[in-house]
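I have placed the structure first, in the form of structure tokens, so that the comments after it can refer back to it.
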Amino acid sequence: MNPTDLWPALVAAGLALMTSQSVAGRWPLHTDGARHRSIDGLRGYLALGVFLHHATVWQGYRSTGVWASSDSAFYTNAGKGSVALFFMITAFLFYGRLLEARERPIDWTRLFLGRWFRLTPAYLVMLALLLVMVGVQTGGQWRVSGADLLRQIGDWLLFTIPGPSDINGLRGTQMMVAGVTWSLPYEWMLYAALPLLALLAGRRPSPGALGVTAVSCIAFVCWRPSLGNLVPFAVGMLAAYAARWPRLQRGSGSRYGSVAVLLSLIGGFALDMRALSPLPQAFQALAFVLIAAGNDLFGVLSAKLSRTFGEPTYSLYLLHGVVLFIGFRWVIGPAAAGLSSSQHWVAIWLMTPVAVALSHLCHRFVEMPGMALTDRCLRRWRGTAASPAGAVPGG
Numbered sequence: 000m001n002p003t004d005l006w007p008a009l010v011a012a013g014l015a016l017m018t019s020q021s022v023a024g025r026w027p028l029h030t031d032g033a034r035h036r037s038i039d040g041l042r043g044y045l046a047l048g049v050f051l052h053h054a055t056v057w058q059g060y061r062s063t064g065v066w067a068s069s070d071s072a073f074y075t076n077a078g079k080g081s082v083a084l085f086f087m088i089t090a091f092l093f094y095g096r097l098l099e100a101r102e103r104p105i106d107w108t109r110l111f112l113g114r115w116f117r118l119t120p121a122y123l124v125m126l127a128l129l130l131v132m133v134g135v136q137t138g139g140q141w142r143v144s145g146a147d148l149l150r151q152i153g154d155w156l157l158f159t160i161p162g163p164s165d166i167n168g169l170r171g172t173q174m175m176v177a178g179v180t181w182s183l184p185y186e187w188m189l190y191a192a193l194p195l196l197a198l199l200a201g202r203r204p205s206p207g208a209l210g211v212t213a214v215s216c217i218a219f220v221c222w223r224p225s226l227g228n229l230v231p232f233a234v235g236m237l238a239a240y241a242a243r244w245p246r247l248q249r250g251s252g253s254r255y256g257s258v259a260v261l262l263s264l265i266g267g268f269a270l271d272m273r274a275l276s277p278l279p280q281a282f283q284a285l286a287f288v289l290i291a292a293g294n295d296l297f298g299v300l301s302a303k304l305s306r307t308f309g310e311p312t313y314s315l316y317l318l319h320g321v322v323l324f325i326g327f328r329w330v331i332g333p334a335a336a337g338l339s340s341s342q343h344w345v346a347i348w349l350m351t352p353v354a355v356a357l358s359h360l361c362h363r364f365v366e367m368p369g370m371a372l373t374d375r376c377l378r379r380w381r382g383t384a385a386s387p388a389g390a391v392p393g394g
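Numbering that gives the first Met the number 0 puts the last residue of the sequence shown at 394; the count rises by one with no breaks.
Structure below.
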């Protein structure tokens, strides 16, 4: 079996979908009533793409200790391209809210608090698992001072905006979670910039919301984001405008639109991004604009199976690296260094249901209760704030 063959990825996809369907039958998720059904269905396949990308990275990492992408254009793009599409989705959804603010004014407190409770609970689960893994790998010994250890953990508690510090002197700590946290500061950057973007959309944010942007700018200037990683956010914002064009909606919803999406996805993920950039990115952008306008790729993306698979995407994105590390380093152990390509893919197939089931349970029992805290906290805070004046708590 060739390490870059495509068919092992198809087997992993089939196992992932079957696992998702099976676990959802026991612990159902909320998959109905979504406005952007195609995007909800797309998310799961993107997270699976990141998982498969890191699965091929582990081909070399388990034997050489070098963390590097494979020579396959597809498996390389499955990582970079999938994250780029995640950025497009985030920008599309939240900039779309700004465009709709005249009909439904934005509750900035709810938005920021909702983002906090959306991203933090599952992240803390990942961080807790990471700390346990670091403790095991370092034999439970203190390799740095208490102050340094607290600072390193603090960097991770800040979603690695200050940088993914090596914890307790363990080199390559971030590789234990496949380095996935690099994208989270970009997500937070977009949320912090929304009040400023509201001005671009012709809306007037509250002074408090602009204050959040101003304070956040200091942190992100120190962080120094890559400008190239901001391009997908711009694509998502343009898609928010394009998706409101009736003519594009009609065209994207046709069979011809599905053919265009399929060909664009093939081009975006099969062409070598290093040699032909920015052509693959352009194909990915075109596919996303058509999907954002309502295309469901011959019904695949809007199918309940896809939407169920897409629901625990964030947990799958965060936790699959943990599964890969534990699987290769602890379960298989030293023998992992000598695995053949065929044996490597068999190991990935065995880990796929574990990663999907774990992400589903994390979403069901951690993310969903966390998201429910938004309204509870708002009612308590606004009720307390209004009580001295005898006002009715805000909704």
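Glycine included, every Cβ here is placed at the ideal spot set by N, Cα and C. Keep in mind it's a predicted model, so treat the numbers as computed, not measured.
- The three-state reading of DSSP puts residue 100 in coil, since its state is none of H, G, I, E or B.
- Looking from the CA of residue 0, the closest CA among 341, 382, 350, 185 belongs to 341.
- Under the criterion of beta carbons closer than 8 Å, residue 171 and residue 142 do not qualify as touching, at roughly 14 Å.
- Going by DSSP, residue 329 is part of no alpha helix (DSSP H) at all; its letter is neither H nor E.
- With distances taken between CA atoms, residue 108 lies nearest to 207 out of 207, 95, 159.
- Where residue 243 is concerned, there is no enclosing alpha helix (DSSP H), because DSSP gives it neither an H nor an E.
- A direct Cα-to-Cα measurement between residue 191 and residue 212 gives close to 5 Å.
- By the 16-neighbour rule on beta-carbons within 10 angstroms, residue 70 is exposed.
- The C-alpha of residue 56 is placed about 37 Å away from the C-alpha of residue 214.
- Between the alpha carbons of residue 233 and residue 19 lies a gap of roughly 32 Å.
- Secondary structure of residue 39 (DSSP, three-state): helix.
- Contact check for residue 174 against residue 329 fails: the beta carbons are separated by 8 Å or more.
- In the DSSP annotation of this structure, residue 277 is not part of any alpha helix (DSSP H), being labelled neither H nor E.
- A residue is called buried once 16 or more other Cβ atoms fall within 10 Å of its Cβ, and residue 362 is buried on that count.
- Put simply, the backbone Cα of residue 159 is about 22 Å away from that of residue 110.
- Residue 114 is positioned such that its CB atom lies no closer than 8 Å to that of residue 306.
- Residue nearest to residue 235 within the set 61, 80, 86, 53 is 86 (criterion: CA-CA distance).
- Excluding residues up to 5 positions away in sequence, 286 lie with their Cβ nearer than 6 Å to the Cβ of residue 264 in the same chain.
- The Cβ atoms of residue 223 and residue 100 do not sit closer than 8 Å to each other.
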